[in-house]
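Residue numbers (the working numbering): 82 to 499.
Note that the Cβ used here is the ideal one computed from N, Cα and C, for glycine as well.
In what follows, a structure is listed as structure tokens, so that the remarks can point back to it.
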Amino acid sequence: MQTASDDSLRSARDREFAKWPHAELDVAALRRAGHRPFPFRQFVLKVHSRCNLDCAYCVIYQGEDASWRKRPTRVAPGVMRQTAARIAEHAETHGLSEVRIDLHGGEPLLSGPETALAYTAAVRAALPAGVALRTTVQSNGTLLTERTLDRLADAGIRVGLSLDGGSAHLNRRRVDRAGRSSWPAAERAARLLADRPELYAGILCAIDITSDPAEVYASLAELRPPRLDLLLPHANWSSPPPGLPARAPAVRTAVPTPYGDWLATAFDLWWDGAPDGSQPRVRLFTEVVALLLGVPSTTESVGLSPTCAVVVHTDGSVEQIDSLNLAYDQATATGLDVFGHTFDAALDHPGIVARQLGLEGLAAECRACPVGRVCGGGNYGHRFSRGTGFLHPSVFCADLERLIRHAAGRLSAVMPPD
């Protein structure tokens, strides 16, 4: 558990590295002005704090935050019960009809499915009558077996996979601790899930611009996921992504758009579709098209919808999403835990509040940008610059504009004249 001195040090660190929002966002004034928080609806529950892979780009184990080393390897029954009680309390307080839990790691199945099953059972038992529960376990797939899938199915738990493509070559960055490819085991898992669509939640794929987007898209579509998430790699102004030059957020000179170009190629493959209509739903693309048509987003990566997700670690600490791990040490920390605090307490944390402000939480450049309401400033973690914080455009600003304008062009070509 955290101590008062720990909280003080953390607050000082937050103010030093991220003046906005930690030193400059007046949460009390916002509340007095009538800005109300949005309740959490998605709870990312850490089942295991270790992983059997050593992926080169992992934001948890390759990021700035090493606090995972001090956390319990596996979540204990007492933490599960208390977290479940807090989720139920939050659902009842805010009259929620449904909550979602995502079981994460590390690798959440590292010690088998038992802990994931027990965590799900604890939340289900605690929820008030009439509150539905949706559960997904996000796995690298290397430990999935028919027996494990049977047990997850019996508990109503769907499975998402993390892959970089549908071949050994495309997954070259996803290796185990001995440097061996994870692909043979991951491919087996993908084939098993393709035959059990009721269990298959989809695939998360971190973009590598050195891989051919057509090859990545086609190979992943061949694995028959119902949904595909193409994710920009976690990066920020102080830790720029591969292929983009290091520069300050205020520098608005023309920059290349390798990620936007990559995504535009993949967008065309998705938009034009497979002859048999079997292509997966690509969340980034469907969100961008929906936003262009005036429909609110359902994800924080684009659009202005507020964050409704919170993380609970294996020790019961309540934190922000993992994408902030690349910013600075303990950037995700809130100083809260499920034993001493409600989830409502986290709703007043400056980092959470900043991600619920919509247009008001964006940099001036984003508010004035013609595509700002579609881009939404991009992923919150991608806006960080050391010393000033998160009130900047995304480090992928030009890439996002490239994708959005490309999608708008394809959309306008099929819209009626009126």
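- For residue 218, the enclosing beta strand (DSSP E) covers residues 213-220.
- About 13 Å separates the CB atoms of residue 304 and residue 285; that is not less than 8 Å, and the two are not in contact.
- Rounded to the nearest whole angstrom, the C-alpha separation of residue 280 and residue 407 is 32 Å.
- Between residue 464 and residue 341, the gap from beta carbon to beta carbon reaches 8 Å or more.
- Distance from residue 101 to residue 471 at the Cβ level is roughly 6 Å; contact confirmed, criterion being Cβ atoms closer than 8 Å.
- A Cβ-Cβ distance of about 5 Å is found for the pair residue 327 and residue 321, placing them in contact under the 8 Å criterion.
- With fewer than 16 other CB atoms across the displayed protein chains lying within 10 angstroms of its CB, residue 374 is exposed.
- Listed in chain order, the non-local C-beta contacts of residue 467 below 6 Å within the same chain comprise 98, 319, local neighbours out to five positions each way being set aside.
- Residue pairing by DSSP places residue 171 in no beta bridge whatsoever.
- Secondary-structure assignment with DSSP links residue 129 through a beta bridge to 155.
- Boundaries for residue 385: no alpha helix (DSSP H) harbours it, and the DSSP string shows neither H nor E there.
- If you draw a straight line from the Cα of residue 93 to the Cα of residue 416, it comes to about 12 Å.
- The Cβ neighbour count for residue 227, taken over all protein chains shown within 10 Å, is under 16; the residue is labelled exposed.
- Taken in chain order, the complete beta strand (DSSP E) segments of 3 or more residues contained in the stretch 391-435 are 398-400, 414-418.
- Assignment of beta-bridge partners to residue 309 by DSSP yields 284, 363.
- Within the same chain, and ignoring the five residues on either side of residue 122 in sequence, the residues whose Cβ sits closer than 7 Å to its Cβ are 177, 180, 181, 389.
- Closest by C-alpha distance to residue 271, out of 221, 396, 442, 288, is 221.
- In this structure, DSSP gives residue 376 a state outside helix and strand, which the three-state scheme calls coil.
- For residue 474 against residue 494, the beta-carbon gap comes to about 28 Å, at or over 8 Å, which does not count as contact.
- By the criterion of at least three beta-carbon pairs nearer than 8 Å, the stretch 371-385 is in contact with the stretch 441-460.
- Put simply, the backbone Cα of residue 127 is about 47 Å away from that of residue 497.
- Sorting 301, 480, 250, 262 by C-alpha distance to the C-alpha of residue 274 places 301 at the top.
- Here residue 148 carries a helix assignment [DSSP, helix/strand/coil].
- Between residue 418 and residue 397, the gap from beta carbon to beta carbon is short of 8 Å.
- When C-alpha distances from residue 317 are compared across 203, 405, 184, 169, the shortest belongs to 405.
- Assignment of beta-bridge partners to residue 262 by DSSP yields 256.
- Taking one beta carbon from each stretch, the stretch 485-493 and the stretch 347-361 have 3 or more pairs nearer than 8 Å; the two touch.
- Residue 108 and residue 425 have their C-alpha atoms some 14 Å from each other.
- Your pair residue 315 and residue 462 checks out as a contact, with CB atoms roughly 6 Å apart and the cut at 8 Å.
- In this structure residue 167 is buried. Its beta-carbon is surrounded by 16 or more other beta-carbon atoms within 10 angstroms.
- The beta carbon of residue 120 sits closer than 6 Å to the beta carbons of 175 from its chain, once the five residues preceding and following it are set aside; these are given in chain order.
- Here residue 225 is buried. Its C-beta has 16 or more other C-beta atoms within 10 Å.
- Ranked by how close their Cα comes to the Cα of residue 198, the residues 216, 209, 187 have 216 in first place.
- Under DSSP, the beta-bridge partners assigned to residue 184 are 126, 218.
- Here DSSP, grouped into helix, strand and coil, assigns residue 239 to strand.
- By the neighbour-count definition (other C-beta atoms within 10 Å, threshold 16), residue 310 is a buried residue.
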